[in-house]
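Below: one structure, written as structure tokens.
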Amino acid sequence: MTDDRRRFEFAYRPGEIACYPGCVTDLEAACERHGWERALVVCGTTVGATPAVMDPVREGLGDRLAGVFDETTPEKYLGTAIEGVRRARAVDADVLVAVGGGSSLDVATVMATLTTHDDPDEAGHRAIDEASLALAAGDPLPVVAVPTTLAGADLSTVAGVTFAHGPDADDPPSGGVGDARLMPAAIGYDADLFRTTPTAVLTASAMNGFDKGVEALYTRNSTPITDGTAARGLRLLRSGLPTLREDPMESDRLDDVLAGIVCVQYGVSEPGAYKLSLVHAFGHGFSRNTEAHQGVVHGIVAPHVLRYLFEEVDGRRDLLAEALGVTAADADATASAVVDAVADVRDGLGLPTRLRAIDGLARSDLDDVAERIVDDPLLTTVPAGLDPSVADVRDVLDAAW
-12 MTDDRRRFEF
-2 AYRPGEIACY
8 PGCVTDLEAA
18 CERHGWERAL
28 VVCGTTVGAT
38 PAVMDPVREG
48 LGDRLAGVFD
58 ETTPEKYLGT
68 AIEGVRRARA
78 VDADVLVAVG
88 GGSSLDVATV
98 MATLTTHDDP
108 DEAGHRAIDE
118 ASLALAAGDP
128 LPVVAVPTTL
138 AGADLSTVAG
148 VTFAHGPDAD
158 DPPSGGVGDA
168 RLMPAAIGYD
178 ADLFRTTPTA
188 VLTASAMNGF
198 DKGVEALYTR
208 NSTPITDGTA
218 ARGLRLLRSG
228 LPTLREDPME
238 SDRLDDVLAG
248 IVCVQYGVSE
258 PGAYKLSLVH
268 AFGHGFSRNT
278 EAHQGVVHGI
288 VAPHVLRYLF
298 EEVDGRRDLL
308 AEALGVTAAD
318 ADATASAVVD
328 AVADVRDGLG
338 LPTRLRAIDG
348 LARSDLDDVA
358 ERIVDDPLLT
368 TVPAGLDPSV
378 ADVRDVLDAA
388 W
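Heads up, the sequence shown is in our numbering, so the first residue is -12 and it goes up one at a time.
Okay, here's the thing in structure tokens:
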């Protein structure tokens, strides 16, 4: 029988990728190749005040550095992006260089979205009122991503946003923007910068990135191309992730981690065939009830989610087992071996194992969480034959509690 997964379309256009220590020192050369003259660095206040990160970025951009906008926050308010575009226009920036975690990259991507509108201020305020934002006909300001965390949200055409001017808003809605034009034009993975990130942030983000490789294999949108990159990425990550808790981190294994993060997210953000799936939907379900890092939530729930997945469908368990380097005698044992391997990764990163460990989360919150998970758009990418109900999801959450 022919596997329908071998009949596929794949239209993925990532930006140029640089992955080596010190690659940010070549930012000026990258700007020259693309014809960019004035770069606005977009980052958070912590990164902006960290010389070990900012000095190499400033030196790498040289005379092309037009300014720094260091006001991004994890909440990713649309009002921040509006202010960022004002700053970009004030310094006549022709490229945005997003430095830091996923929130800074998302804010820069939303800024780029606003620049496609004739009046970005008006478009931003209207988007807050309507809780919706889309690209207009214009070309977005290009974005260069310089990540310092391992969530694997860099080779992406989507970004999250909170539809509010700032923290004074009362329970504002969240959403996202997505368009093939939003793919970063260049991405630099500099091991020297990752060494400056606090261990707790790095390990939590790594779990989020690792799960992208797991999901790329079992999603209904998988392709032979992404099977290859995700499987290779998972092998590299299993080899390298233990070094994240070492001081100092071992160079070759950190190289494995960065190469693995590139591989597991390659092709995941393909418009119309997005490959994030059930684990990420579970993570999204907790966004309103807790400030816990998404990677922490992933580490807790992923083994339980996979156990449920394998009880309902095959979930390509053999391919996952091969990618994770485990073997077993039969289908049930293979599923258990995959679940155990994912739990081992979580434990190796030193992440919590129970939902009850998350500050501010009550067991009574889980009904609301379950309903949000079932309504998450990523449930459209789960394997054929899987149709989680609220009761199913609540059972998984109870097991993770």
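Built from N, CA and C at the ideal position, the CB exists for glycine as well.
CB contact flag (residue i, residue j, <8 Å)
i, j, result
"LEU122", "VAL97", "no"
"SER161", "GLY282", "no"
"ASP327", "VAL266", "no"
"THR183", "ARG232", "no"
"VAL131", "ALA172", "yes"
"LEU221", "ASP214", "no"
"ASP179", "GLY9", "yes"
"PHE(-5)", "PRO229", "no"
"THR149", "GLU62", "yes"
"SER226", "ASP243", "yes"
"PRO164", "LEU120", "Rather than Pro, the amino acid found at residue 164 in this sequence is Val. Yes, these two residues count as a Cβ contact at 8 Å."
"LEU348", "VAL325", "no"
"SER91", "VAL29", "yes"
"ILE345", "ALA279", "yes"
"ASN276", "ASP352", "yes"
Endpoints, beta strand (DSSP E) assigned at residue i
i, result
"GLY163", "161 to 165"
"ASP57", "52 to 59"
"THR149", "145 to 149"
"TYR64", "No beta strand (DSSP E) contains TYR64, which DSSP labels as neither H nor E."
"VAL255", "Segment: none, VAL255 is in no beta strand (DSSP E) and carries neither H nor E."
"VAL130", "130 to 134"
"GLU3", "3 to 6"
"GLY175", "173 to 176"
Closest residue to residue i among the options (Cα-Cα distance)
i, options, result
"LEU224", "ASP331, PRO43, GLY175 and THR100", "ASP331"
"PRO107", "GLY125, ASP93 and SER90", "GLY125"
"ALA310", "VAL292, PRO134, LEU14 and GLU202", "GLU202"
"ARG341", "GLY227, ARG294 and PRO290", "PRO290"
"ARG(-7)", "THR100, SER209, GLU117 and PRO38", "SER209"
"GLY2", "ALA95, THR136, ILE174 and LEU120", "ILE174"
"ALA85", "ALA26, VAL288, ALA322 and ASP382", "ALA26"
"THR390", "LEU169, LEU245 and ALA279", "In the structure as shown, the chain starts at -12 and stops at 388, and residue 390 therefore has no counterpart that could be examined."
"PHE273", "LEU338, ARG350, ARG240 and ALA218", "ARG350"
"GLU358", "LEU336, LEU365 and ARG381", "ARG381"
"GLY35", "ARG20, ARG74, GLY87 and GLU24", "GLY87"
"VAL94", "ARG113, GLU117, THR144 and ASP105", "THR144"
"ASP234", "ARG294, HIS271, HIS280 and PHE181", "PHE181"
"ASP116", "HIS152, VAL313 and GLY147", "HIS152"
"ASP379", "SER90, ASP177 and LEU293", "LEU293"
"VAL284", "GLY270, GLU278 and ARG275", "GLY270"
"TYR(-1)", "ALA371, TYR261, ASP346 and ASP352", "TYR261"
"CYS6", "SER238, ASP354, ALA371 and ALA386", "SER238"
"PRO339", "ASP105, VAL288 and ALA218", "VAL288"
"GLY89", "THR60, THR103 and ALA217", "THR60"
"PRO154", "VAL188, THR67 and ARG74", "THR67"
"THR103", "ILE4, ARG168 and ALA218", "ARG168"
Expected contact under 8 Å - CB spacing of residue i and residue j to nearest Å
i, j, result
"ASP363", "ALA268", "4 Å"
"ALA333", "MET194", "What sits at residue 333 in the sequence shown is Arg, not Ala. Yes, ARG333 and MET194 are in contact; Cβ-Cβ is about 6 Å, under 8 Å."
"ILE69", "GLY111", "4 Å"
"LEU373", "LEU296", "7 Å"
"ASP79", "ALA99", "Their Cβ separation, rounded to whole angstroms, is 16 Å, which puts ASP79 and ALA99 out of contact at 8 Å."
"LEU101", "VAL72", "5 Å"
"VAL361", "VAL377", "5 Å"
"GLY286", "LEU336", "7 Å"
"THR367", "LEU263", "With 8 Å as the limit, THR367 and LEU263 do not qualify as a contact, their Cβ atoms being about 11 Å apart."
"GLY196", "VAL251", "6 Å"
"VAL249", "TYR176", "7 Å"
"ALA371", "ARG207", "6 Å"
Residue span of the alpha helix (DSSP H) that contains residue i, given as start and end
i, result
"CYS18", "14 to 21"
"ALA187", "186 to 205"
"GLU117", "107 to 117"
"ALA85", "Premise fails: ALA85 lies in the beta strand (DSSP E), 82 to 87, not in any alpha helix (DSSP H)."
"VAL28", "Not the alpha helix (DSSP H): VAL28 falls in the beta strand (DSSP E), residues 26 to 31."
"TYR295", "281 to 299"
"ILE212", "211 to 227"
"ILE345", "Neither: ILE345 is in no alpha helix (DSSP H) and is coded neither H nor E."
"GLU233", "Per DSSP, GLU233 belongs to no alpha helix (DSSP H) and is neither H nor E."
"GLU46", "38 to 48"
"ALA378", "377 to 387"
"ASP327", "318 to 335"
"HIS267", "265 to 272"
"ASP305", "304 to 311"
Residue i CB to nearest heavy atom of the ligand SAH below 7 Å
i, result
"PHE297", "Of the ligands one can find in the structure shown there are none, so the ligand SAH has no counterpart to examine."
Meets three-Cβ-pair contact criterion under 8 Å: the segment 314 to 323 and the segment 287 to 304: Yes: the two stretches touch, three or more of their Cβ pairs being nearer than 8 Å.
Three-pair Cβ contact test at 8 Å for the segment 243 to 261 versus the segment 131 to 145: Yes: the two stretches touch, three or more of their Cβ pairs being nearer than 8 Å.
Stretch pair the segment 0 to 16 + the segment 35 to 48: three plus CB contacts closer than 8 Å: Segments in contact, yes.
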